[in-house]
Structure formats: C-alpha cells, structure tokens
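Just below is one structure, and these are the notes that go with it.
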Amino acid sequence: MNDELEGKHGVQSLEVGISILRAMAAGKRSMMLKDIALAADMPPSKAHRYLVSLIRTGLVEQDRLTSRYDLGPFALNLGLVALDRVDRIRLGLAAITDLRDVTNETIALAVWNDNGPVIVRWERPRKPITVNVLTGTNLRLLSSAAGRVFSAWLPEAQTEATLRQEIESGKAPADIRTLEDARHLLADVRKQGIAVISRHYFARNVEAAAVPVFNFKNEIAMAIAIVGVKDTLDLETGSSTLAALRQAGRALSVRLGATISSDTAADPAPSSD
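The opening residue of the sequence shown carries number 63 in our numbering; numbering runs sequentially from there.
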C-alpha cells in the first residue's frame, strides 16, 4: 500500500531539488546561495543541504574562489543529450496540426535549405474552399510570409544575394525597389514579430501570415505560416487567428529550447554572423 501511494505522489525531495535546478537555470549565470534560496522560495539552510547533494551528483558545481554555484557537468550532459534527441520536424508537424485544429485554416511548416525557404508539410482545414500548399515548394523571400520571416532573422549575408535577385528580376512586391526598401520591410517584421501579407503575395488571391520558430541557440529554425483565400482570413492586428499563430510559434520555440519571454512572439535578434 505504501509503495502504491509513493508511486502516485512521487518523491517530494526530488521535486525540491529540481526546483533549485530550475531557479539556477532561470538565473542564466552562477549564483550565490542566498539568491538561489530566494529564487527557489526556501530558506538558505534548506537550499544548502540540497546543493550539497546536487554537487555530489554532478548536477551542480561550486566555484571555490567566489562560492557561487552553477550548473555542473552532468546537467550539461543531460541538456546536450536532450537536444540531440529533439526531432524538430516531428514537433513542428504536431504544432501545425494543432494550429489547424484551432483555426480551421491551411497551416504550413517551412524550413531553410540551400535554395531558400521550402514547405516541408502542410495541413488542410475542414472547409469547402481552401488553399492547397504543395510540399517541396520553394518560397520567395519578399513575396511570401515565411520568406519574409526567414529573411528577417537570418544573417543578411545569407540572404542578400537572393534578395537582390528578386528585386532586380521584378519578383519582389512593387513597393520594394531597392535593398534598402527590403531592409526597412524586414526591420518592421522583426519589430512586429510576425510577417503578414494581404497583397503582393506571390500567388494570386492568396494572403498569409508567418512567425519564426527558434532553436536552443536562439537562431531561426523553422517558420509556421497560415494561408488562406484573400479576404477570408482575419489578419488584423489583435485577431484571434494571429494570436493563435503567435502562440504556436512561441510554444514550439520554447519546446526547442529557445529563450522567449512570455509577452512577445519573437525575441531573438538576427545573427550578425
């Protein structure tokens, strides 16, 4: 009977130890005992006892010179193993399926390859008139929502040649005539945390919105896009559709290990590499 109860209720001391590790991870740097205790909401004496055991397991280490505590080598190993086992595409497919169920709109997942953004999967809504998105479709950078998202958060050195080619070949929206115009557009995408296209989409009578998905390095890994027939999607700021899209991108980023604050859809800045 006791074993059965323990199995249901778990091990409280383990949960307390994990709360200390969570506090240390949230601190993002080595911490003094008093700061750990405060963050974990427990007396310093109690926190110290748990830290002693965590040090013995390798989950925590202490700097002898400063007396500060930090995550130890075993914690690092656990993190690396977990990251290695994360299947970003599998998680992305689950995310777009859930978003399709919430919005009843066409949802697509895009990744970056040598030829730019490409659709790797899409989910069809349950409505009579829909937009079909072909798996394997390469997207333009300036006239697709997902393309704008990748262009906004990837290093410009990685996208500049394609941006110039689209502008010079007339494939960019009519109001984007120079690279500087494109930079202004992409700066606004970063500011808003989302790309919305209700006109000048590369396909006629289609509109779309997309958000970035970041990995544990806070680098863009994927884009989630919602696509629909023109004038049938509610793409107004504050709409429930865009709110659901933002939440999907945020949740998937967190699942992949990104550092995302609770009140924004996209925090990480574009890399300067």
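We put the beta carbon where it would ideally sit given N, CA and C, even for glycine.
Do the CB positions of residue i and residue j come within less than 8 Å of each other?
{"i": "I286", "j": "G311", "result": "yes"}
{"i": "T303", "j": "L314", "result": "no"}
{"i": "P179", "j": "L201", "result": "yes"}
{"i": "Y131", "j": "V78", "result": "no"}
{"i": "L171", "j": "V182", "result": "yes"}
{"i": "R186", "j": "N166", "result": "no"}
{"i": "I158", "j": "I151", "result": "no"}
{"i": "L241", "j": "R252", "result": "no"}
{"i": "A109", "j": "I80", "result": "no"}
{"i": "V316", "j": "V193", "result": "no"}
{"i": "S137", "j": "L121", "result": "It is Ala, not Ser, that sits at residue 137 in the sequence shown. Yes, the pair counts as a contact, with Cβ atoms nearer than the cut-off."}
Can you tell me whether residue i is buried or exposed, with buried defined as 16 or more other CB within 10 angstroms of its CB?
{"i": "V73", "result": "exposed"}
{"i": "A99", "result": "buried"}
{"i": "P190", "result": "exposed"}
{"i": "S115", "result": "exposed"}
{"i": "A257", "result": "buried"}
{"i": "V143", "result": "exposed"}
{"i": "E230", "result": "exposed"}
{"i": "L76", "result": "exposed"}
{"i": "L216", "result": "buried"}
Classify residue i as helix, strand or coil using the three-state DSSP reduction.
{"i": "G290", "result": "strand"}
{"i": "G178", "result": "strand"}
{"i": "L171", "result": "strand"}
{"i": "I158", "result": "helix"}
{"i": "R183", "result": "strand"}
{"i": "L203", "result": "coil"}
{"i": "E218", "result": "helix"}
{"i": "I322", "result": "coil"}
{"i": "I117", "result": "helix"}
{"i": "E228", "result": "helix"}
{"i": "V195", "result": "coil"}
{"i": "E298", "result": "coil"}
{"i": "V251", "result": "helix"}
From the DSSP secondary-structure annotation, give me the bridge partner or partners of residue i.
{"i": "V316", "result": "For V316, which the question treats as bridged, DSSP gives no partner whatsoever."}
{"i": "D132", "result": "E123"}
{"i": "F212", "result": "According to DSSP, which records beta bridges pairwise, F212 is partnered with nothing at all."}
{"i": "A234", "result": "Paired residue(s): none; A234 is not in a bridge."}
{"i": "P274", "result": "A285"}
{"i": "M86", "result": "Partner(s): none; M86 has no beta bridge."}
{"i": "V268", "result": "V291"}
I need the straight-line Cα distance from residue i to residue j, nearest angstrom please.
{"i": "M93", "j": "A283", "result": "31 Å"}
{"i": "L248", "j": "L95", "result": "44 Å"}
{"i": "A272", "j": "G290", "result": "12 Å"}
{"i": "H246", "j": "G232", "result": "18 Å"}
{"i": "I259", "j": "A208", "result": "10 Å"}
{"i": "A223", "j": "A88", "result": "39 Å"}
{"i": "T128", "j": "G134", "result": "16 Å"}
{"i": "I322", "j": "A234", "result": "31 Å"}
{"i": "G319", "j": "A305", "result": "21 Å"}
{"i": "L204", "j": "E123", "result": "48 Å"}
{"i": "F212", "j": "A244", "result": "13 Å"}
{"i": "H266", "j": "S206", "result": "It should be noted that the sequence gives Arg, not His, for residue 266. Cα to Cα, the separation comes out at about 12 Å."}
{"i": "D103", "j": "L196", "result": "51 Å"}
{"i": "Q309", "j": "R126", "result": "43 Å"}
{"i": "S334", "j": "G154", "result": "In this prediction, S334 scores a pLDDT of 47, lower than 50, which makes its location untrustworthy; no coordinate-derived value is stated."}
{"i": "E228", "j": "L297", "result": "25 Å"}
The ligand MN and residue i: does the residue's C-beta get closer than 7 Å to at least one heavy atom of that ligand?
{"i": "L304", "result": "Among the components modelled here there is no ligand, and therefore nothing to report on the ligand MN."}
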